[in-house]
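Asks:
Number of protein chains: 2
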Amino acid sequence: MPQEHIVKAYDDQLADLDRTIAEMGGLVEKLLSDATNSVVNYDVELAKQTIASDKRIDACEQEIVEGATKLLALRQPMAADLRKVIATIRLSNDLERMGDYAKNISKRVITISQSPILSSISRSVERMSKMVEDMIREVLDAYIQGDVAKAHQVIYSDEDVDRLHTSLFREILTYMMEDPRNITACTHFLFIAKNIERIGDHATNIAEQIHFIVEGDTFDNHHESKDKSATIVAEL
Amino acid sequence: MPQEHIVKAYDDQLADLDRTIAEMGGLVEKLLSDATNSVVNYDVELAKQTIASDKRIDACEQEIVEGATKLLALRQPMAADLRKVIATIRLSNDLERMGDYAKNISKRVITISQSPILSSISRSVERMSKMVEDMIREVLDAYIQGDVAKAHQVIYSDEDVDRLHTSLFREILTYMMEDPRNITACTHFLFIAKNIERIGDHATNIAEQIHFIVEGDTFDNHHESKDKSATIVAEL
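As given, the protein sequences belong to chains S and H, one line each in that order. With full-length UniProt numbering, the residue at position 170 of the first sequence is 170, and numbering never jumps. With full-length UniProt numbering, the residue at position 58 of the second sequence is 58, and numbering never jumps.
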């Protein structure tokens with residue numbers, strides 16, 4: 001009986017960690033979605049709200065590190081359980097960074113809100129963000145369900161995000177060349193697009209962690225990154 | 001006697017982790033320094049070499065996660081020892097990201113090598129990089145020595161890096177406005193400067209981890225970020 005009690009408590013503690021991961025992931029997805037809406041409509045009020053909501057995400061990371069540390073100290077899990085606890089520490093860090101990137105998008109909306117509206121760029125940003133929001137949802141499902149195939153799917157989706165980012169980078173440079181009045185907005189749009197691309201990278205990191213939890217080895221991603229934005233030269 | 005033997009082996013394993021962290025930190029510092037030299041001289045050959053050297057940094061992270069997992073499974077450390085092992089996992093992730101950012105600088109050097117040389121910007125990039133290289137050296141010393149005061153010093157140094165980044169961002173925008181032929185190089189310089197600023201942020205994260213290892217609580221950084229680059233508007 002006491003043995004069963006200990007096992008139950010351990011499962012409860014692990015379930016608490018999972019709940020906090022799921023909460024954190026949900027908050028990150030909402031933060032990215034709100035930040036993107038604030039971009040599309042140059043909505044400064046919404047941008048300010050999203051900046052404030054990042055605080056809870058930071059607190060979740062803290063809770064996960066503390067919970068995982070306590071679980072390691074008291075329960076001394078082995079093998080797959082140990083990998084899972086270590087993975088929660090690492091992926092809470094990914095989620096915290098994703099929140100930071102989304103928050104930074106909102107900061108830039110406040111800066112560019114007086115600039116000319118560049119609706120073609122906004123639309124591409126919105127499309128890219130929707131792809132990354134899907135990745136976040138999928139990777140959280142994969143985590144909760146321990147579904148490696150779904151995690152691999154997220155890794156492959158990131159290639160489409162990278163391709164879209166590369167073409168968006170090129171488009172933004174073209175607007176800059178056309179008219180110096182676009183330079184402020186375009187500069188911040190470069191970073192907004194990069195932030196969304198980085199959030200996708202972190203979703204991919206989480207998917208690789210899921211592979212590690214379930215399979216116990218490192219996911220071997222043979223694909224070269226499809227983000228070629230660092231190699232783009234503006235056409236004069 | 002057997003008890004002593006176990007303790008010795010534990011210390012050996014912890015020392016192995018520390019050695020790998022120190023190696024990783026040294027490699028990151030050298031990668032950043034080489035990448036910056038390749039920027040200053042538009043040295044494509046050096047840039048290509050630095051890109052290749054990031055592989056060893058990634059392998060170090062792998063070694064640290066595996067070593068820490070093994071140590072947790074076999075030794076079940078408690079209190080400060082447990083915090084230290086968890087911290088090595090988290091800070092190996094910071095070092096890996098720092099290597100990625102430095103590698104990305106080198107990629108951009110290859111892209112801009114045919115652009116006009118902007119020596120005032122290069123000089124500021126070099127100055128900023130030297131400040132961050134110092135932070136990396138200091139934070140590794142603080143880690144090896146368990147020196148919290150030194151770690152706090154690193155956190156405060158990051159404010160100077162943030163201030164320099166903000167003024168450099170403004171300077172780069174000015175060059176863009178002056179002449180559209182500068183737009184390609186300036187765009188990549190914006191990301192080069194941002195990458196160095198991010199490497200500084202990760203050195204700060206490591207410093208905060210050192211505080212956590214030694215003090216057992218979270219470092220309370222009341223200072224607002226001095227990086228205001230997200231708020232800058234180009235003057236027409």
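The C-beta atom is built at its ideal place from N, Cα and C for all residues, glycine as well.
(1) Using the Cα positions of residue 135 of chain S and residue 9 of chain H, report the straight-line distance between them to the nearest angstrom.
(2) If contact is defined by three or more beta carbon pairs under 8 Å, each pair taking one atom from either stretch, is the stretch 12 to 29 of chain S in contact with the stretch 163 to 174 of chain S?
(3) Between the stretch 21 to 37 of chain H and the stretch 91 to 103 of chain H, do at least 3 Cβ pairs fall closer than 8 Å?
(4) Within the same chain, show all residues whose beta-carbon is closer than 7 Å to that of residue 88 of chain H, passing over the 5 residues directly before and after it, in chain order.
(5) Which whole-angstrom value describes the C-beta separation of residue 106 of chain H and residue 50 of chain H, a residue pair presumed to lie in contact below a C-beta threshold of 8 Å?
(6) In whole angstroms, give me the CA-to-CA distance for residue 84 of chain H and residue 153 of chain S.
(7) Between the Cα of residue 38 of chain H and the Cα atoms of H/129, H/214 and H/72, which residue gives the shortest distance?
(8) Quick check: what's the CA-CA separation for residue 60 of chain H versus residue 218 of chain S?
(9) Under the three-state reduction of DSSP, which class applies to residue 76 of chain S: helix, strand or coil?
(10) So, for residue 185 of chain H: in the same chain, excluding its five sequence neighbours on each side, which residues have a beta-carbon less than 7 Å away from its beta-carbon?
(11) Taking the alpha-carbon positions, what's the residue 94 of chain S to residue 205 of chain H distance?
(12) Have a look at residue 216 of chain S and residue 139 of chain S and give me their C-alpha separation to the nearest angstrom.
(13) Could you tell me the distance, in whole angstroms, from the CA atom of residue 194 of chain S to the CA atom of residue 104 of chain S?
(14) Step through the CB atoms of chain S and report whether any lies within less than 8 Å of the CB of residue 86 of chain H.
(15) Does residue 57 of chain S have its Cβ less than 8 Å from a Cβ in chain H?
(16) By the criterion of Cβ-Cβ separation under 7 Å, what are the contact partners of residue 233 of chain H in chain S?
(17) If the criterion is Cβ atoms closer than 8 Å, does the pair residue 159 of chain H and residue 226 of chain H meet it?
(18) What are the residues in the UniProt domain "PhoU" (21 to 109) of chain S lying within 8 Å of chain H by C-beta distance?
(19) How should residue 271 of chain S be labelled, buried or exposed, when 16 other C-beta atoms within 10 angstroms of its C-beta is the threshold for buried?
(20) Name the residue from S/42, S/56 and S/45 whose alpha carbon lies nearest to the alpha carbon of residue 238 of chain S.
(21) Counting only the same chain and skipping the five closest in sequence on each side, list residues whose C-beta sits under 7 Å from that of residue 192 of chain S.
(22) Mapping DSSP to helix, strand and coil, what is residue 93 of chain H?
(23) Among S/52, S/79, S/23 and S/168, which residue has its Cα nearest to the Cα of residue 213 of chain S?
(24) So, are the CB atoms of residue 71 of chain H and residue 82 of chain S less than 8 Å apart?
(25) Would you identify the three-state DSSP class for residue 32 of chain H, choosing helix, strand or coil?
(26) Please report how far the alpha carbon of residue 86 of chain S lies from the alpha carbon of residue 168 of chain H, in whole angstroms.
(27) Checking 8 Å against the spacing of the C-beta atoms, do residue 211 of chain S and residue 148 of chain S come in under that value?
(28) Taking the straight line between their C-alpha atoms, what separation do you get for residue 121 of chain S and residue 164 of chain S?
(29) Does DSSP put residue 148 of chain H in a helix, in a strand, or in coil?
(30) Measuring straight from C-alpha to C-alpha, what distance separates residue 1 of chain S and residue 23 of chain S?
(31) With distance defined between alpha-carbon atoms, name the residue in H/132, H/233, H/44 and H/19 nearest to residue 181 of chain S.
(32) Would you grab the beta carbon distance between residue 224 of chain S and residue 155 of chain S for me? Rounded to a whole angstrom, and I think it's under 8 Å.
(33) Of all the CB atoms in chain H, is at least one closer than 8 Å to the CB of residue 207 of chain S?
(34) Closer than 8 Å between beta carbons: that is the criterion. Which residues of the UniProt domain "PhoU" (125 to 210) of chain S meet it against chain A?
(35) Would you report the Cα separation of residue 146 of chain S and residue 235 of chain H, rounded to the nearest angstrom?
(36) Using a Cβ cut-off of 8 Å (strictly closer), state whether residue 230 of chain H contacts chain S.
Replies: Straight from the coordinates:
(1) The count along the first sequence starts at 1 and reaches residue 135 of chain S at position 135. The count along the second sequence starts at 1 and reaches residue 9 of chain H at position 9. Each residue's alpha carbon lies about 43 Å from the other.
(2) no
(3) yes
(4) Here the question's residue 88 of chain H lines up with position 88 in the second sequence. Only 17, 21, 64 and 68 meet the Cβ criterion.
(5) Reading the second sequence from its first residue, position 106 is the one you call residue 106 of chain H. Reading the second sequence from its first residue, position 50 is the one you call residue 50 of chain H. Rounded, the Cβ-Cβ distance is 4 Å, consistent with contact.
(6) For the purposes of this step, residue 84 of chain H is taken as the residue at position 84 of the second sequence. For the purposes of this step, residue 153 of chain S is taken as the residue at position 153 of the first sequence. In a straight line, the C-alpha of residue 84 of chain H is about 35 Å away from that of residue 153 of chain S.
(7) In the second sequence, residue 38 of chain H corresponds to position 38, counting from 1. Selected option, being the one with the closest Cα: H/129.
(8) Here residue 60 of chain H corresponds to residue number 60 of the second sequence, with the count starting at 1. Here residue 218 of chain S corresponds to residue number 218 of the first sequence, with the count starting at 1. Using only the alpha carbons, I get a separation of about 14 Å.
(9) Sequence index remark: in the first sequence, residue 76 of chain S carries index 76 (1-based). In the structure shown, residue 76 of chain S sits in coil (DSSP, three-state: anything other than H, G, I, E or B).
(10) Here residue 185 of chain H refers to the residue found at position 185 when the second sequence is read from its first residue. 112, 115, 116 and 118, listed in sequence order.
(11) Mapped onto the first sequence, residue 94 of chain S falls at position 94. Mapped onto the second sequence, residue 205 of chain H falls at position 205. Between residue 94 of chain S and residue 205 of chain H, the C-alpha separation is close to 14 Å.
(12) Indexing the first sequence from 1 puts residue 216 of chain S at position 216. Indexing the first sequence from 1 puts residue 139 of chain S at position 139. Going by the C-alpha atoms only, they are around 18 Å apart.
(13) Translated into the one-based positions of the first sequence, residue 194 of chain S becomes position 194. Translated into the one-based positions of the first sequence, residue 104 of chain S becomes position 104. If you take the alpha carbons of residue 194 of chain S and residue 104 of chain S, they lie about 11 Å apart.
(14) Sequence index remark: in the second sequence, residue 86 of chain H carries index 86 (1-based). For residue 86 of chain H, the answer is yes, since a Cβ of chain S falls inside 8 Å of its Cβ.
(15) Sequence index remark: in the first sequence, residue 57 of chain S carries index 57 (1-based). No, residue 57 of chain S does not count as interfacial toward chain H.
(16) Residue 233 of chain H sits at position 233 when you count from the first residue of the second sequence. What residue 233 of chain H touches in chain S: 111 and 184.
(17) Along the second sequence, one-based indexing puts residue 159 of chain H at 159. Along the second sequence, one-based indexing puts residue 226 of chain H at 226. Yes, the Cβ-Cβ distance between residue 159 of chain H and residue 226 of chain H is below 8 Å.
(18) 62, 65, 68, 69, 72, 73, 76, 78, 79, 82, 83, 86, 89, 90, 93, 104, 107 and 108
(19) The structure shown does not extend to residue 271 of chain S, since chain S spans only 1 to 236, so no value can be given for it.
(20) Any property of residue 238 of chain S remains undetermined from this structure, which presents chain S solely from 1 to 236.
(21) Position 192 of the first sequence, counted from the start, is the residue given in the question as residue 192 of chain S. Hits under 7 Å: 39, 105, 108 and 125.
(22) Counted from its first residue, the second sequence places residue 93 of chain H at position 93. Residue 93 of chain H: helix per DSSP, three-state reduction.
(23) Counting from 1 along the first sequence, the entry for residue 213 of chain S is found at position 213. Answer by Cα proximity: S/79.
(24) Here residue 71 of chain H is taken as the residue at index 71 of the second sequence, counted from 1. Here residue 82 of chain S is taken as the residue at index 82 of the first sequence, counted from 1. Contact: no.
(25) Walking along the second sequence from the start, residue 32 of chain H turns up at place 32. Residue 32 of chain H: helix per DSSP, three-state reduction.
(26) Reading the first sequence from its first residue, position 86 is the one you call residue 86 of chain S. Reading the second sequence from its first residue, position 168 is the one you call residue 168 of chain H. Cα to Cα, the separation comes out at about 39 Å.
(27) For the purposes of this step, residue 211 of chain S is taken as residue 211 along the first sequence, with counting starting at 1. For the purposes of this step, residue 148 of chain S is taken as residue 148 along the first sequence, with counting starting at 1. Contact: yes.
(28) What you label residue 121 of chain S is simply residue 121 of the first sequence in a count that begins at 1. What you label residue 164 of chain S is simply residue 164 of the first sequence in a count that begins at 1. Near 11 Å, if we compare the C-alpha coordinates of residue 164 of chain S and residue 121 of chain S.
(29) Stepping through the second sequence from its first residue, residue 148 of chain H is reached at position 148. In this structure, residue 148 of chain H counts as helix in the three-state DSSP scheme.
(30) Counting from 1 along the first sequence, the entry for residue 1 of chain S is found at position 1. Counting from 1 along the first sequence, the entry for residue 23 of chain S is found at position 23. Because residue 1 of chain S carries a pLDDT of 44, less than 50, the predicted location of this residue cannot be relied on, and the following value inherits that uncertainty. Their backbone Cα atoms lie some 33 Å apart in a straight line.
(31) In the first sequence, counting from the first residue as 1, residue 181 of chain S sits at position 181. Ranking the options by Cα distance to residue 181 of chain S, first place goes to H/233.
(32) Position 224 of the first sequence, counted from the first residue, corresponds to residue 224 of chain S. Position 155 of the first sequence, counted from the first residue, corresponds to residue 155 of chain S. Not confirmed; about 13 Å, so no contact.
(33) Within the first sequence, the letter at position 207 stands for residue 207 of chain S. Judged by the 8 Å Cβ criterion, residue 207 of chain S is not in contact with chain H.
(34) This model lacks chain A altogether; the protein chains it does include are S and H.
(35) As a position in the first sequence, residue 146 of chain S is number 146, starting the count at 1. As a position in the second sequence, residue 235 of chain H is number 235, starting the count at 1. Residue 146 of chain S and residue 235 of chain H: Cα-Cα distance of roughly 52 Å.
(36) In the second sequence, residue 230 of chain H corresponds to position 230, counting from 1. Yes, contact with chain S.
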